[in-house]
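Numbering (our numbering), first residue to last: 206 to 846.
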Ligand SMILES: [Zn+2]
C-alpha cells in the first residue's frame with residue numbers, strides 16, 4: 206500500500222475542494238472502540254454473511270447463467286447484480302485494510318473471473334437483460350436499473366483499484382463505461398436512469414482513470430435529468446427526480462435513496478467540473494432535506510408509499526420508512542459537501558446518521574438487518590413481514606441494504622479525518638491512530654476515547670514536523686460546552702466554523718485533551734411536526750435514545766407511559782454483562798386509558814386519562830433496540846402535563 210491510496214470520493218487536485226481526504230489506510234481504528242468494533246464485526250460477520258447470501262439468493266447464479274455455468278432460472282429482482290457488486294466493493298475495501306482474508310480473496314478473484322467471462326463482446330454486462338429480456342436492452346431505463354447496476358460495478362472496480370485488491374475489475378468496469386459513453390455520450394441517446402447511481406460512479410471512475418469522457422457522461426446524465434426523458438407512469442416524475450432540472454429544484458422529493466444518490470453524484474460532477482452554480486443547487490437541496498425533512502436519527506423518507514420524502518415537517522415516527530440505504534446515501538452526500546465546502550454541518554449530519562439511522566440497521570451479531578428504520582414500533586404491530594418487521598431479518602428479497610452497510614463499514618475509517626498543507630482536521634472521534642502527511646512531513650497521532658459514550662478525547666502527537674501546523678477538531682453541533690487543554694494547560698484557541706483550531710509547533714509526546722460535555726438533552730420537535738407534538742426525545746452526545754417495552758415493569762404498556770420532564774434524567778453505566786455502556790434513567794407516569802373510547806369529550810391535555818402511577822424509565826441507545834425480545838419501542842415520549 207502506498208502512502209497516497211485514495212478512499213471513497215476523493216476529488217482530483219483540480220476539483221473544487223475545501224478539504225482533502227486522507228489516504229485509505231491513514232486512519233486505523235482500535236477494535237475496542239465503537240467504530241473499530243463495528244468494522245471488525247463487519248469483517249468477520251456481515252461481509253461473509255453477505256457473500257454467502259449471494260449464492261443462496263441466486264444473485265451469483267444469475268451471472269453464471271451468462272457463462273453457461275448455471276442452468277437455474279433467473280432468481281430475485283432484475284437488479285440483483287447490484288447485490289454482487291456492492292458486496293464486491295465491500296470485500297475490496299476490506300482486503301485493503303488487511304490482513305487478507307483468504308475467503309474474501311477467493312470471492313473477489315472468482316467473481317472477477319466470472320464477470321470477465323460473462324461480459325459481452327461490446328462491454329455490456331447485465332444478467333437480467335441478457336438472459337431474460339435480451340431484446341429490451343436500454344429500452345426500459347425508467348425501471349430497468351441497468352445503469353444503476355453498472356454504477357455499482359464501477360464503484361466496486363474503483364474500490365478494488367484504490368484498495369489494491371485486484372485490477373481485473375477495473376478493466377471490466379471500464380469496458381462497460383466505454384460502452385455507456387458510446388451509447389449515451391454526446392451525439393448518442395438522450396436518456397437517464399430511473400435510479401441514480403451511475404452519476405457518482407462515473408465521476409469516481411474518472412478520478413481513478415483520468416479518462417475525461419466518464420466525467421462528461423456523468424455531467425450529461427445530471428443535466429438531462431428533469432426534462433421528462435423518463436416519461437410518465439403512476440409513480441409520477443417526482444419519484445424519479447425527473448420533474449425539474451437539478452439546477453432549478455428547491456425541494457428534496459420523491460424516492461429518498463434515488464434523490465440522495467443523485468445529489469451525491471451532483472456534488473461529484475459540480476466539484477470536478479468547477480461548476481459553482483451546480484454545487485449551490487446541491488446545497489440548496491440540502492437545506493430542504495435537513496431543515497424540514499430529516500428524522501432526529503438522521504433518517505430520510507417518511508412515506509412507505511414510494512419510499513419517499515414527504516411534505517416539509519411530515520415526519521411520522523411510527524410510519525417512517527427511513528430506509529437504511531437512504532441514511533448511507535445521506536452520509537455519502539454529506540461527505541462530498543464537507544470536502545467541497547469545509548462546512549462542519551455536513552460532518553454533524555454524517556455523525557447523526559452514522560450513530561443512529563445507519564447503526565440501528567445492524568443487529569449485535571452483524572448478521573441481521575433492518576431495511577426500514579422507524580422511530581416507533583407499536584404494541585401489537587404485525588412485524589411478521591419484510592415491510593416493517595419487529596426484528597432484524599437475515600436478508601431481504603430486495604437486498605439493497607445489507608451489502609450497502611458492508612461497503613460503508615469496510616471503508617469507514619476513510620471518512621473520519623482530512624489533511625492538507627496547513628494541518629489535520631478530525632471530523633469524527635474514534636479510538637485509533639492517524640498517520641498523514643502535512644506539507645510533505647509525516648504527522649502521527651494516537652486517539653484514545655470512549656466516544657460516543659464519553660466526550661473525553663485524548664489525542665497524543667507521536668510524530669510531528671518542526672514547522673508549525675494546525676490541528677482542527679470538530680465541535681459537534683450538539684455540543685454547547687467543552688474544555689480543551691494541551692499538555693495539561695487550558696488552551697485559548699478559538700473555534701472557527703465549527704472547528705477548534707489549535708495552531709502551534711508540536712513536539713512528539715504532546716497531548717491534547719478535548720472534553721465535549723455530554724449532558725442528557727431533552728429534545729423537542731418543531732410544532733409543525735404534528736406527529737410528535739407534546740413529546741420529547743432523549744439524547745446524549747450524538748446518540749438518540751429510546752424506550753423499549755423490555756425495560757418496563759410487567760403490566761405497563763409503552764403507549765401508556767409519559768415522561769416527567771421536571772424530574773432529573775440521568776446517564777448511568779449499567780455494568781454487569783450489559784452490552785450497553787450508558788443507559789438513561791428517568792421518571793414517568795403510566796396511565797390507564799382503558800375506559801376511553803377512540804374519541805371522547807375533551808377535558809384538558811392531561812385530564813383525559815385515569816389513574817396516573819409513577820414508573821421508573823430506562824432509555825437505551827436507539828441503535829441497540831430490538832436486540833432482546835421483540836416488543837414496542839419509541840423515541841418520542843409524551844410528556845406529563
Ligand atoms: Zn436499501
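Backbone N, C-alpha and C fix where the C-beta goes; we use that ideal spot for every residue, glycine too.
Nearest to residue i by alpha carbon, out of the options?
i: residue 234; options: 350, 655, 293, 569; result: 655
i: residue 784; options: 213, 242, 232, 678; result: 242
i: residue 214; options: 763, 409, 525; result: 409
i: residue 667; options: 641, 329, 298, 721; result: 641
i: residue 649; options: 622, 657, 658; result: 622
i: residue 841; options: 776, 742, 763; result: 742
i: residue 249; options: 295, 669, 672; result: 295
i: residue 396; options: 379, 419, 427; result: 427
i: residue 677; options: 802, 362, 549, 661; result: 549
i: residue 629; options: 835, 588, 704; result: 704
i: residue 765; options: 688, 844, 264, 651; result: 844
i: residue 709; options: 486, 671, 736, 237; result: 671
i: residue 725; options: 520, 787, 543; result: 787
i: residue 849; options: 300, 259, 290; result: Because the chain spans 206 through 846 in this model, residue 849 falls outside it and cannot be assessed.
i: residue 555; options: 218, 499, 782; result: 499
i: residue 533; options: 675, 561, 485; result: 561
i: residue 712; options: 475, 669, 226, 269; result: 669
Opposite residue i in the DSSP bridges: which residues?
i: residue 581; result: 839
i: residue 412; result: For residue 412, which the question treats as bridged, DSSP gives no partner whatsoever.
i: residue 709; result: 674
i: residue 751; result: 825
i: residue 647; result: 642
i: residue 542; result: Looking at the DSSP assignment, residue 542 forms no beta bridge with any residue, so it has no partner.
i: residue 513; result: 460, 508
i: residue 819; result: 794
i: residue 744; result: 726, 749
i: residue 622; result: 631
i: residue 720; result: 661, 688
In whole angstroms, what separates the C-alpha of residue i from that of residue j?
i: residue 607; j: residue 415; result: 31 Å
i: residue 324; j: residue 665; result: 50 Å
i: residue 336; j: residue 273; result: 11 Å
i: residue 481; j: residue 252; result: 38 Å
i: residue 254; j: residue 292; result: 10 Å
i: residue 752; j: residue 789; result: 10 Å
i: residue 537; j: residue 469; result: 7 Å
i: residue 800; j: residue 807; result: 14 Å
i: residue 206; j: residue 625; result: Because residue 206 carries a pLDDT of 39, less than 50, the predicted location of this residue cannot be relied on, and no value is offered for it.
i: residue 236; j: residue 634; result: 14 Å
i: residue 685; j: residue 288; result: 42 Å
i: residue 826; j: residue 503; result: 14 Å
i: residue 347; j: residue 398; result: 6 Å
i: residue 662; j: residue 692; result: 13 Å
i: residue 338; j: residue 392; result: 26 Å
i: residue 824; j: residue 405; result: 39 Å
i: residue 763; j: residue 776; result: 21 Å
i: residue 715; j: residue 547; result: 26 Å
i: residue 474; j: residue 489; result: 16 Å
i: residue 838; j: residue 584; result: 8 Å
In the structure shown, what three-state DSSP assignment does residue i receive?
i: residue 403; result: helix
i: residue 380; result: helix
i: residue 226; result: strand
i: residue 291; result: helix
i: residue 451; result: coil
i: residue 350; result: coil
i: residue 926; result: A question about residue 926 goes unanswered here, because the residues of the chain that appear run from 206 up to 846.
i: residue 444; result: helix
i: residue 424; result: helix
i: residue 284; result: coil
i: residue 637; result: strand
i: residue 656; result: coil
i: residue 261; result: helix
i: residue 567; result: strand
So, at 7 Å on beta carbons, what are the nonlocal neighbours of residue i in its own chain, with the 5 sequence-adjacent residues on each side left out?
i: residue 321; result: 373, 377
i: residue 690; result: 696, 718
i: residue 246; result: 571
i: residue 400; result: 350, 353, 463
i: residue 265; result: 259, 289
i: residue 627; result: 674, 675
Identify, in the order they occur along the chain, each residue of the same chain with its Cβ nearer than 6 Å to the Cβ of residue i, setting aside the five sequence neighbours on each side.
i: residue 297; result: 364, 365, 368, 370
Excluding the 5 residues flanking residue i on each side, which residues of the same chain have their C-beta closer than 8 Å to its C-beta?
i: residue 680; result: 549, 687, 700, 703, 704, 705, 721
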